[in-house]
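Below is one structure, written out as structure tokens; comments come after it.
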Amino acid sequence: MTERTPLLHYRLSTSVNESELRSPPAGHTVEQRPASPRRKSTPHRQPQKLSTFFGVVIPTLLSMFSVVVFLRLGFVVGQCGLYQAIAMFLVAYFIISMTVLSVCAISTNGALDAGGAYYMISRALGPEFGGSIGIMFFLANVCGSALYVLGLVEAIVATFGVPEDGATVSSSYQVLPSGYWWSLLYGTGVALLCLLVCLVGAHIYAKATFLIFLVVMFVLGTIFISFFAVRPRTIPLPGPAVPGPVANGTGPGPPGFANFTGFKLDTLLGNLPAHYTVDYTTGTMMTFATVFAVMFNGCTGIMAGSNMSGRWGGTLKNPSYSIPRGTITAVIFTFIIYNLLSLLVACSCDRTLLQRDYSFLRDINVWNPFVTIGVYSSTLSAAMSNLIGASRILYALARDDLFGKVLSPAKRTSHSGNPWVSVLISWFLVQLVLFSGKLNTIASIVTIFFLLVYAAVDLACLALEWASAPNFRPTFRYFTWHTCVLGIVGCAIMMFLINAIYASASIAFMLLLLLLIHYLSPTSSWGYISQALIFHQVRKYLLMLDVRKDHVKFWRPQVLLMVSNPRSSVGLITFINDIKKSGLYVLGHVQLGDLNTLPSDPLQSQYDSWLSLVDHLNIKAFVNLTLADSVRHGVQHLLFISGLGGMRPNTLVLGFYDGCLPEDKLIGPLLSTSRSTDPASPSEDPEEQPSLFHFASLRGSSDRKDSGEIGDGKVLGPQEYVAVIADAMKMLKNVALARYFNHFDRAQALSPPAGKGAVYVDVWPVNLLRPDSSSYVDTCSLFLLQLACILNMVRAWRKARLRLFLCVEAGRSLRGSEEKLGQLLKELRIKANVYTVPWDEQVALHWQRQGESGRKRPPFLDGDKEEERRAAEEEEEENEDDYVNSFPSNATRLSDEYLSAVNKLILEQARPPPAVRFLYLPRPPADTRRYTTYLRQLDLLTQDLGPTLLIHGVTPVITTDL
Numbered sequence: 000m001t002e003r004t005p006l007l008h009y010r011l012s013t014s015v016n017e018s019e020l021r022s023p024p025a026g027h028t029v030e031q032r033p034a035s036p037r038r039k040s041t042p043h044r045q046p047q048k049l050s051t052f053f054g055v056v057i058p059t060l061l062s063m064f065s066v067v068v069f070l071r072l073g074f075v076v077g078q079c080g081l082y083q084a085i086a087m088f089l090v091a092y093f094i095i096s097m098t099v100l101s102v103c104a105i106s107t108n109g110a111l112d113a114g115g116a117y118y119m120i121s122r123a124l125g126p127e128f129g130g131s132i133g134i135m136f137f138l139a140n141v142c143g144s145a146l147y148v149l150g151l152v153e154a155i156v157a158t159f160g161v162p163e164d165g166a167t168v169s170s171s172y173q174v175l176p177s178g179y180w181w182s183l184l185y186g187t188g189v190a191l192l193c194l195l196v197c198l199v200g201a202h203i204y205a206k207a208t209f210l211i212f213l214v215v216m217f218v219l220g221t222i223f224i225s226f227f228a229v230r231p232r233t234i235p236l237p238g239p240a241v242p243g244p245v246a247n248g249t250g251p252g253p254p255g256f257a258n259f260t261g262f263k264l265d266t267l268l269g270n271l272p273a274h275y276t277v278d279y280t281t282g283t284m285m286t287f288a289t290v291f292a293v294m295f296n297g298c299t300g301i302m303a304g305s306n307m308s309g310r311w312g313g314t315l316k317n318p319s320y321s322i323p324r325g326t327i328t329a330v331i332f333t334f335i336i337y338n339l340l341s342l343l344v345a346c347s348c349d350r351t352l353l354q355r356d357y358s359f360l361r362d363i364n365v366w367n368p369f370v371t372i373g374v375y376s377s378t379l380s381a382a383m384s385n386l387i388g389a390s391r392i393l394y395a396l397a398r399d400d401l402f403g404k405v406l407s408p409a410k411r412t413s414h415s416g417n418p419w420v421s422v423l424i425s426w427f428l429v430q431l432v433l434f435s436g437k438l439n440t441i442a443s444i445v446t447i448f449f450l451l452v453y454a455a456v457d458l459a460c461l462a463l464e465w466a467s468a469p470n471f472r473p474t475f476r477y478f479t480w481h482t483c484v485l486g487i488v489g490c491a492i493m494m495f496l497i498n499a500i501y502a503s504a505s506i507a508f509m510l511l512l513l514l515l516i517h518y519l520s521p522t523s524s525w526g527y528i529s530q531a532l533i534f535h536q537v538r539k540y541l542l543m544l545d546v547r548k549d550h551v552k553f554w555r556p557q558v559l560l561m562v563s564n565p566r567s568s569v570g571l572i573t574f575i576n577d578i579k580k581s582g583l584y585v586l587g588h589v590q591l592g593d594l595n596t597l598p599s600d601p602l603q604s605q606y607d608s609w610l611s612l613v614d615h616l617n618i619k620a621f622v623n624l625t626l627a628d629s630v631r632h633g634v635q636h637l638l639f640i641s642g643l644g645g646m647r648p649n650t651l652v653l654g655f656y657d658g659c660l661p662e663d664k665l666i667g668p669l670l671s672t673s674r675s676t677d678p679a680s681p682s683e684d685p686e687e688q689p690s691l692f693h694f695a696s697l698r699g700s701s702d703r704k705d706s707g708e709i710g711d712g713k714v715l716g717p718q719e720y721v722a723v724i725a726d727a728m729k730m731l732k733n734v735a736l737a738r739y740f741n742h743f744d745r746a747q748a749l750s751p752p753a754g755k756g757a758v759y760v761d762v763w764p765v766n767l768l769r770p771d772s773s774s775y776v777d778t779c780s781l782f783l784l785q786l787a788c789i790l791n792m793v794r795a796w797r798k799a800r801l802r803l804f805l806c807v808e809a810g811r812s813l814r815g816s817e818e819k820l821g822q823l824l825k826e827l828r829i830k831a832n833v834y835t836v837p838w839d840e841q842v843a844l845h846w847q848r849q850g851e852s853g854r855k856r857p858p859f860l861d862g863d864k865e866e867e868r869r870a871a872e873e874e875e876e877e878n879e880d881d882y883v884n885s886f887p888s889n890a891t892r893l894s895d896e897y898l899s900a901v902n903k904l905i906l907e908q909a910r911p912p913p914a915v916r917f918l919y920l921p922r923p924p925a926d927t928r929r930y931t932t933y934l935r936q937l938d939l940l941t942q943d944l945g946p947t948l949l950i951h952g953v954t955p956v957i958t959t960d961l
């Protein structure tokens, strides 16, 4: 049996209720010496399961029948009249009915734990929203407990207190002194009684709920009977006498007295319209909103059934069956009772009695102590219920570690699992609220808190419904997203009608808590509804993103950056993040291997390190890894499959192929704030293998690859490297080769040199390997200008100045060329300084090389293959047209002297040196045998230039159209 138990032990939450704290988890055995039969049977004793009536209906009714039904129902009818009173109940019950539907839906989608609304919201919306609403729900229960204590104190003073303001004592048992401080003392005593029960015998109170329920129902029965059985009478009013006519016009009454008229049409007609007056307990003028705030406290408590899964250790036999039926039954029952009582009160009590005596139900009862017992039992029960609920919510918040060490003391529990520290904190806050003094004073705050919580529950259900998650399939299906929206709107409207200032402050406080949890709390394992909603919306909009509607006006770079080892590529990764201009940015990596020979996919374990790198560098990028038999095939895979729909990379960025030794940038101060929080993370050397990143160590000096290498650290030959470039251009992808970015630091690059006040970005929009080509407006040249302009638009690079170098030969109009290029820049809205650079000497070296080509075979690098020599000889036989229009003929006709001279020219013009250079990247030769020569020419051209991008554009990206 112990082997099958873990399969049957199903819980949606990771929390532990009190019964679990007292017994070992299912499926675990503990080696102990033989125990007595009594001890042996203790761990297997299960808490008693509660039915729908005892587990949901009774707690919900006790939470809703308290202060309002006994002490404030006459106040509502007397101030608002019967018409508005019924309208109030309709509005209030419409709001809670929408929320009840959401509660039933969420509670029947999985097991609940302690915390009620907090547990629902946090597990549905995530820790940020759940934690902030949890605090609001905790405060709502604290203020609710204080409200019920003040209601009990008001009932005690009305029964046993000596009247203030010199009024005469009407009975011998009115012996208690009254006043603000005396009421505070009585309230403190009641709160201490609640504290004692919560600390010592919360389970006793849970067992006594049925007895309290019987008392409350019996008292309600006597109230209904009294309306028919008691004869009309005159009732003395509390407080000073107010002479004058009775408010509803039924005739003058003696000073300080009001009438219970019995059922009379005149009384009913007088109580139909509203007549707002000053509340005699607070001295404030009443309005619809303030009366609604008091009345709504009789409609809260709908979470009592869902709280039964873990509050006092009791659980429901069938939560998915009991919670919907029990909660809806209790709501319908209370709605009927409230409206019937309102009608009976309006027909039999004059308005003065309703407005001046909130305890009139005691005076018209068949036996006065019945109502007194009902008030005491219901208010005391509700006060303890709210105090226990507040402590359990606080305990759940502390156990989830949403606020770190701030709430850590609230985790402490007794041996029986009672969170006594949470109880003490909750009681202390209740005591603070008692200083407000009057029930009606805090009614608005309590109502706003509960409305905010109910709106959040509706929002949680709405988010789950809109996310269309397959695992959201509650057994209760009588809800739609329309009911959720109606509940949210209703709660929001009533919050601001009651008190706009309190409502705004509550929402602001909730948002502040949300931000605090977002930045301070650790990542939870509950799941985030935001991720489901984002997925749902992204999928919808990706389907709407039609590649057939692409236009050059809205082009943006979407970059695939190939990275072999991020340790040496931090500078390049951060730079490309600046140049993407809100476009797609993908970090690609190729690992060599064959899945047929491996037991599992080796890439799955690497994603966490790559994603941690993205978070650490604070870049907006995706990660795409692939397994292939060669780097070239791997890059092809990524170019084919990266992205989705209309979001696919259009630009490939590679590190340059040279002999620069890489340097590890993920060691040292850079990671001082990015250590892993997982103590189990493997780490061989704490200095060279940070636990946050598990990338391979860098290669040694014997390997010949740049820090921007694209494989997984194995040998990548020059032939394959150039083939990757050619493949990308065949796929109509723009290509950029990044050189000397292994030591690039943006902060240092953007710092002006000593004595200089500007940072420069240099652009050379001419094919320097084709000096005979003087076109500056081809697609590739415009692509260079576009990328340089995009970089200049980034906030960090806005102070950098673009320098555009125009290479001209003698005999051509320097001023005309400069004006032509300036006009083009003006049309393209690109702000740059144009510099004309004479390069006659460099061109002369080029043509000198062409003249010697017929007499002397061009020099080749050491190690060049014999077929390359034969290819060069064949190339010399090509006609002039081939030479002008194709790169292959030009590739072998460039001398080292010419390339070195052009490299020197670029260096001489860079005063002061730029932060980065953009150079024209020619196409690779069509003949694959000349790839090595092509790569060597690029190497000579960019020697010692600093951070440089060699760029080749294949698609138009700039337009002058509006």
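Going by numbering that gives the first Met the number 0, the sequence shown opens with residue 0, and the numbers climb by one from there.
Beta carbons are placed, not taken as given, at the ideal position from N, Cα and C, and that holds for glycine.
Which residues DSSP lists as bridging residue i, in chain order
i	result
Asn623	Gly587
Arg738	Thr947
Val833	Leu803
Residue burial classification, residue i (beta-carbon count within 10 angstroms, cutoff 16)
i	result
Met97	buried
Phe209	exposed
Gln822	exposed
Leu949	buried
Glu153	buried
Val765	buried
Thr233	exposed
Met216	exposed
Leu339	exposed
Thr672	Below a pLDDT of 50, predicted positions are generally treated as unreliable, and Thr672, at 35, falls in that range; the measurement from the model is reported next regardless. Burial call: exposed.
Lys732	buried
Arg910	exposed
Ala395	buried
Ser604	exposed
Residue i CB to nearest heavy atom of the ligand MG below 7 Å
i	result
Gly125	Ligands in the displayed structure: none, and consequently the ligand MG is not present.
Beta-carbon gap between residue i and residue j smaller than 8 Å
i	j	result
Thr778	Pro955	yes
Val1000	His951	Lying outside 0 to 961, the shown extent of the chain, residue 1000 is not represented and no answer is given.
Phe444	Met494	Correcting the residue type first, residue 444 is Ile in the shown sequence and not Phe. For Ile444 and Met494, no; Cβs fall outside 8 Å.
Ala914	Ala795	no
Val569	Leu665	yes
Ser131	Leu512	yes
Ala329	Val56	yes
Leu353	Val76	yes
Gly654	Ala737	yes
Gly582	Arg538	no
Arg631	Val562	no
Ile578	Leu827	no
Tyr720	Leu934	yes
Quick check on the DSSP output: what are the complete alpha helix (DSSP H) runs of length 4 or more inside the region 464–505, in order along the chain? 480–497
Quick one: complete alpha helix (DSSP H) runs, 4+ long, within the region 179–219? 179–199
Evaluate contact between the region 530–544 and the region 510–521, counting only Cβ atoms and requiring at least three cross-stretch pairs below 8 Å. no
Are there three or more Cβ pairs, one per stretch, closer than 8 Å when the region 906–921 is compared with the region 930–947? yes
Inter-stretch contact (C-beta, 8 Å, three-pair minimum) for the region 360–379 and the region 288–297: no
Enumerated in chain order, which unbroken segments of the alpha helix (DSSP H) with a length of 4 residues or greater are wholly contained in the region 546–589? 569–578
Please confirm if the region 132–150 is in contact with the region 379–391, defined as three or more CB-CB distances below 8 Å between the two stretches. yes
Three or more C-beta pairs closer than 8 Å, one from the region 183–200 and one from the region 425–435: is that the case here? yes
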